[in-house]
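Student: For the sequence shown, the UniProt record's numbering gives the first residue as 1, with consecutive numbering after it.
Can you keep this structure in mind? I'll have questions shortly.
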Amino acid sequence: MHVTDSPAPAPLRLGHTIGTSPGKWLRVWAERFPRRRIELVALPEDAGVDALVEERLDAALLRHPADQEKPDRSRRVTLYRESIALVVSIEHPLAEQDGLTMPELVGEPRAISSGSVTEVRAVAGNADDGSIDTPALLALVATGAVVGITTHPLARASSRKDVAVHVLADADGPAVSLFWPDGEDAVIQELLGVMRGRKAASSRGELAGDSTSSTGTGRAEEESRAGRDRNGDRRAASPRGGQAARRDRGSQGGKPGSRRRGRR
Numbered sequence: 001m002h003v004t005d006s007p008a009p010a011p012l013r014l015g016h017t018i019g020t021s022p023g024k025w026l027r028v029w030a031e032r033f034p035r036r037r038i039e040l041v042a043l044p045e046d047a048g049v050d051a052l053v054e055e056r057l058d059a060a061l062l063r064h065p066a067d068q069e070k071p072d073r074s075r076r077v078t079l080y081r082e083s084i085a086l087v088v089s090i091e092h093p094l095a096e097q098d099g100l101t102m103p104e105l106v107g108e109p110r111a112i113s114s115g116s117v118t119e120v121r122a123v124a125g126n127a128d129d130g131s132i133d134t135p136a137l138l139a140l141v142a143t144g145a146v147v148g149i150t151t152h153p154l155a156r157a158s159s160r161k162d163v164a165v166h167v168l169a170d171a172d173g174p175a176v177s178l179f180w181p182d183g184e185d186a187v188i189q190e191l192l193g194v195m196r197g198r199k200a201a202s203s204r205g206e207l208a209g210d211s212t213s214s215t216g217t218g219r220a221e222e223e224s225r226a227g228r229d230r231n232g233d234r235r236a237a238s239p240r241g242g243q244a245a246r247r248d249r250g251s252q253g254g255k256p257g258s259r260r261r262g263r264r
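This is how it looks when you write it as structure tokens:
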């Protein structure tokens, strides 16, 4: 039986700011829902919930203050908290120290980037106004003129060799959440399940039509396998039946002259 696949649904547009790294979730999604593609949209590090409308997004991974109230006309689920990092030149006296805390920054000129949120600004204190982006901040830090305060993922995203990055042990970082327009959405719920580590077996099943096993190709393959199994069972039964019949006939009749003669 010929089964025609239905057209693939429109891709889900997912925005993400630098450092949120959705790749690990996308791999799981692609395995679980191969017909429902996710289209990534890179956002500036200071992007807010307005990006949902401005970029026509279905959802977005955004960094925000942990105590921020939920914006109107959108929903939000927090996924994790980021760490706050100190970035210094590799020639700086603090470059080789681990387990740094905020009191050790006293007297150090500090700078923050434009993507900094409340938690970063609290650590930075009387830093500049954050008018530069993270790449420019790290370039300034590399000169030794200032130390930089930012989130750990943002600091690591540049992979610069001329700066050292240390997590501040006593500073709470911002939150990273999935935002989407207000309203129930089965696709977003499945995406949240992937991001929160829900197993495929415990999926809500609301996108069953987009999974591998539910496509037309999958159904045709399953029917073909079932037919092969049924035919194979019938074919496999006859040789065994024939051998058994021959054994039965042999045990009943035997070969002529095969009976042993007793001693005389």
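Backbone N, C-alpha and C fix where the C-beta goes; we use that ideal spot for every residue, glycine too.
Can you pull the DSSP bridge partners for H64?
Tutor: As a first step, residue 64 must be located in the sequence shown, where it is residue number 64. Looking at the DSSP assignment, H64 forms a beta bridge with A175.
Student: Apply the 10 Å Cβ neighbour rule to E45 and answer buried if 16 or more other Cβ atoms are within range, or exposed otherwise.
Tutor: Counting from one through the sequence shown, the residue named residue 45 turns up at place 45. Burial call: buried.
Student: State the DSSP-derived secondary structure class of L14, mapped to helix, strand or coil.
Tutor: Within the sequence shown, residue 14 is the residue found at index 14, counting from 1. DSSP places L14 in strand when its eight states are reduced to three.
Student: Measuring CA to CA, which of A169, S159, L12 and V88 is closest to P34?
Tutor: Here residue 34 refers to the residue found at position 34 of the sequence shown. If we check each option's Cα against that of P34, L12 comes out closest.
Student: DSSP state of G148, grouped into three classes?
Tutor: The residue given as residue 148 occupies position 148 in the sequence shown. In this structure, G148 counts as strand in the three-state DSSP scheme.
Student: Whole angstroms are fine: how far does the CA of G115 sit from the CA of V53?
Tutor: What you label residue 53 is simply residue 53 of the sequence shown in a count that begins at 1. What you label residue 115 is simply residue 115 of the sequence shown in a count that begins at 1. Whole-angstrom Cα-Cα distance: 20 Å.
Student: What does a CB cutoff of less than 7 Å around T101 pick up in its chain, not counting 5 residues either side in sequence?
Tutor: For the purposes of this step, residue 101 is identified with residue 101 of the sequence shown, where counting begins at 1. Closer than 7 Å at Cβ, skipping near neighbours: L168, A169 and D170.
Student: From R240 to R32, what does the alpha carbon distance come to, in whole angstroms?
Tutor: Counting from one through the sequence shown, the residue named residue 240 turns up at place 240. Counting from one through the sequence shown, the residue named residue 32 turns up at place 32. Confidence is the limiting factor: at R240 the pLDDT is only 43, short of 50, which leaves the residue's position unreliable, though a coordinate-based value still follows. Taking the straight line from one Cα to the other gives about 42 Å.
Student: Using a 10 Å radius around the Cβ and a threshold of 16 neighbouring Cβ atoms, would you call A175 buried or exposed?
Tutor: For the purposes of this step, residue 175 is taken as the residue at position 175 of the sequence shown. A175 comes out buried.
Student: With distances taken from CA atoms, which of G48, R36, A42 and K24 is nearest W180?
Tutor: Here residue 180 refers to the residue found at position 180 when the sequence shown is read from its first residue. For the residues G48, R36, A42 and K24, the minimum Cα distance to W180 belongs to G48.
Student: State the Cα-Cα distance for the pair V123 and I112, rounded to the nearest angstrom.
Tutor: Stepping through the sequence shown from its first residue, residue 123 is reached at position 123. Stepping through the sequence shown from its first residue, residue 112 is reached at position 112. About 10 Å.
Student: Tell me R75's beta-bridge partners as DSSP assigns them.
Tutor: Numbered from 1 along the sequence shown, position 75 holds the residue referred to as residue 75. DSSP output for R75 lists W180 as bridge partner(s).
Student: So who's on the other strand from S83, going by DSSP bridges?
Tutor: Translated into the one-based positions of the sequence shown, residue 83 becomes position 83. The partner list for S83 (beta bridge, DSSP) reads D172.
Student: Can you list, in chain order, the residues of its chain with a C-beta nearer than 8 Å to that of P65? Leave out the 5 residues immediately preceding and following it.
Tutor: Translated into the one-based positions of the sequence shown, residue 65 becomes position 65. Closer than 8 Å at the Cβ level, and outside the excluded window around P65, lie V117, T118, E119, P174 and A175.
Student: Can you tell me the Cα-Cα spacing of residue 270 and P109, whole angstroms?
Tutor: Past the boundaries of the shown model lies residue 270; the chain is included only from 1 to 264, so the question cannot be answered.
Student: I'd like the list of long-range same chain contacts for residue 268, defined as Cβ closer than 8 Å, with 5 residues on each side in sequence excluded.
Tutor: With the chain represented from 1 up to 264, any question about residue 268 goes unanswered, as that position is not in the structure.
Student: Below 8 Å, how does it come out for the segment 67-76 and the segment 21-28: are there three or more Cβ pairs, yes or no?
Tutor: The segment 67-76 vs the segment 21-28: no contact.
Student: Rank H152, R75, G125 and A164 by C-alpha distance to the C-alpha of residue 349 and give the top, closest one.
Tutor: Here the chain comprises residues numbered 1 to 264, so residue 349 is not present and cannot be evaluated.
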